[in-house]
Amino acid sequence: MRKVKISDIASKAGVSISAVSFVLNGKEKEMRISKSVARKIRQVAKKEGYHPNRAAVSLRTGESKIIGLIVDTISGSFFSRLANVIETEAGKYGYKVIYGSTANGSEGSEQLLRILSQHNVDGYLVMPEARIESQIASLIKRKNPVVLIDSYFAKLGVPYVMVDNFQGVADGVSWLYEKGYRRIGFVGSDLDMVQMKDRVRGYSDTVKAKKLKIPKGLICETVYGMENTMLIRKIADYVKKMRPDALMFGANYLGVAGLEALTGLGMSVPADMGMVCFDDMDIFRLYPPGITAVEQPIHEIGHKAVEILMGEMGVIPVSVKKSIMIKGHLVERNSFRVG
């Protein structure tokens, strides 16, 4: 099928090529083209299925109308829900989103950033991990607008939007304490990550504030991305050794693995174990009798991240508060023992 050109639209609309160009670039008022002519040009363009050459538009305006979304994995429920919000919010400003994963390590991260740069993206939304800090620093050095989501790099001073990880876990541990649990364990992954550090601190500070005697080893550290059967086995071994009466999980995939580990041990929630998980998901609502979880306000996170990025890109006035910490919400269910 032949690509529709501006000259085709001009011929069918009975106007000059320059008139079509001005209208399709939103300059009809500036060039004093009547509303009726502009309307006719747009109708013909739509009927003929005209799509502007984005590369040419980018060269002419210096803008691609595209933002890049970089995440560590595209398989998690948090990402899929957040990506949907970001696409919707970016669309309100006339922007499209292209995204990719850094799951293949630093080499994959460099390749992804190179591809996005070749697309001349106007700005970046990044869910960072420690190994791509140098690449983010390079983006900043080249004056690329960047906003981080779900974590941050303290040394770089890059704008970020994230949930209050400390308070979310503190709320979960406090809830378990109020339900009568006293030997509360914590299961996390890669404890050197900023967000996980905050979650561990939320756990540790809360158990200290409650004056609970927590023996060494009651914090279980797993490795992010480890094979699922190994993860389940590690959690099961931890439960057998440390014998907690309740568990606070630092991420939803850890909570799911924890449920499988408990099942393998012949245990269940809440009969044998109290449970709270950071980051809610459908399975926690559907699992009888329901697992209490800290819900991340994904719509607000996505909305604020796009808003701040648009400010950094000069699309809207720059936000006074460039970095935002949003409070999570504890969704109470029945993952505690009654009586």
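First residue of the sequence shown: 242, per the working numbering; consecutive thereafter.
Glycine included, C-beta positions come from ideal geometry on N, C-alpha and C.
What separation, rounded to the nearest whole angstrom, lies between the Cα atoms of residue i and residue j?
i: residue 315; j: residue 541; result: 20 Å
i: residue 452; j: residue 425; result: 12 Å
i: residue 445; j: residue 462; result: 14 Å
i: residue 468; j: residue 484; result: 24 Å
i: residue 302; j: residue 419; result: No answer about residue 302 holds up, because its pLDDT of 48 lies below 50 and its placement is not dependable.
i: residue 565; j: residue 328; result: 20 Å
i: residue 552; j: residue 475; result: 45 Å
i: residue 498; j: residue 398; result: 35 Å
i: residue 534; j: residue 518; result: 5 Å
i: residue 265; j: residue 283; result: 7 Å
i: residue 248; j: residue 366; result: 38 Å
i: residue 277; j: residue 292; result: 21 Å
i: residue 378; j: residue 396; result: 10 Å
i: residue 502; j: residue 433; result: 24 Å
i: residue 401; j: residue 260; result: 43 Å
i: residue 299; j: residue 381; result: Low local confidence applies: a pLDDT of 49 at residue 299 is under 50, so the model's placement there is unreliable, with the coordinate-based value given in what follows. Whole-angstrom Cα-Cα distance: 21 Å.
i: residue 470; j: residue 496; result: 14 Å
i: residue 242; j: residue 271; result: Interpretation of residue 242 is limited by its pLDDT of 47, a score under 50 that renders its predicted location unreliable; the figure taken from the coordinates is listed afterwards. Going from the Cα of residue 242 to the Cα of residue 271 covers about 34 Å.
i: residue 256; j: residue 306; result: 28 Å
i: residue 574; j: residue 530; result: 7 Å
i: residue 331; j: residue 547; result: 6 Å
i: residue 351; j: residue 321; result: 23 Å
i: residue 251; j: residue 554; result: 34 Å
i: residue 376; j: residue 494; result: 27 Å
i: residue 275; j: residue 383; result: 42 Å
i: residue 262; j: residue 363; result: 23 Å
i: residue 538; j: residue 361; result: 31 Å
i: residue 504; j: residue 460; result: 21 Å
i: residue 359; j: residue 523; result: 38 Å
i: residue 372; j: residue 388; result: 17 Å
i: residue 510; j: residue 413; result: 16 Å
i: residue 273; j: residue 545; result: 38 Å
Run through the DSSP bridge pairs and tell me what residue i is partnered with.
i: residue 337; result: 307
i: residue 490; result: 428, 518
i: residue 466; result: Residue 466 is not bridged to any residue.
i: residue 342; result: 312
i: residue 401; result: 389
i: residue 459; result: Per DSSP, none; premise fails for residue 459.
i: residue 536; result: 570
i: residue 589; result: Outside the displayed span of the chain (242 to 580) sits residue 589, for which this structure offers no information.
i: residue 547; result: Looking at the DSSP assignment, residue 547 forms no beta bridge with any residue, so it has no partner.
i: residue 256; result: Beta-bridge pairing links residue 256 to no other residue.
i: residue 565; result: 402
i: residue 367; result: 311, 389
Please determine, among the options, the residue with the shortest C-alpha to C-alpha distance to residue i.
i: residue 245; options: 286, 266, 281; result: 286
i: residue 489; options: 407, 557, 553; result: 407
i: residue 458; options: 357, 560, 429, 436; result: 429
i: residue 456; options: 423, 396, 291, 335; result: 423
i: residue 386; options: 432, 372, 563; result: 563
i: residue 578; options: 558, 532, 306, 547; result: 532
i: residue 356; options: 310, 487, 269; result: 310
i: residue 576; options: 525, 560, 251; result: 525
i: residue 572; options: 305, 520, 384; result: 520
i: residue 417; options: 448, 439, 388; result: 448
i: residue 591; options: 536, 415, 394; result: No statement about residue 591 is possible, as the shown extent of the chain runs from 242 to 580 and does not include it.
i: residue 443; options: 491, 394, 472, 333; result: 491
What distance in whole Å lies between the Cβ atoms of residue j and residue i, which are believed to be in contact at a cut-off of 8 Å?
i: residue 550; j: residue 339; result: Their Cβ separation, rounded to whole angstroms, is 14 Å, which puts residue 550 and residue 339 out of contact at 8 Å.
i: residue 199; j: residue 254; result: This structure cannot speak to residue 199, because the chain is shown only from 242 to 580.
i: residue 341; j: residue 323; result: Not a contact, Cβ separation roughly 15 Å.
i: residue 506; j: residue 528; result: Actually they are not in contact, since the Cβ atoms of residue 506 and residue 528 sit about 17 Å apart, beyond 8 Å.
i: residue 436; j: residue 391; result: 6 Å
i: residue 343; j: residue 374; result: Not confirmed; about 12 Å, so no contact.
i: residue 368; j: residue 313; result: 6 Å
i: residue 465; j: residue 431; result: 5 Å
i: residue 543; j: residue 326; result: 3 Å
i: residue 556; j: residue 334; result: 6 Å
Practice task
Would you check if the segment 480-494 and the segment 508-524 touch, i.e. whether three or more CB-CB distances between them fall below 8 Å?
Solution key: yes
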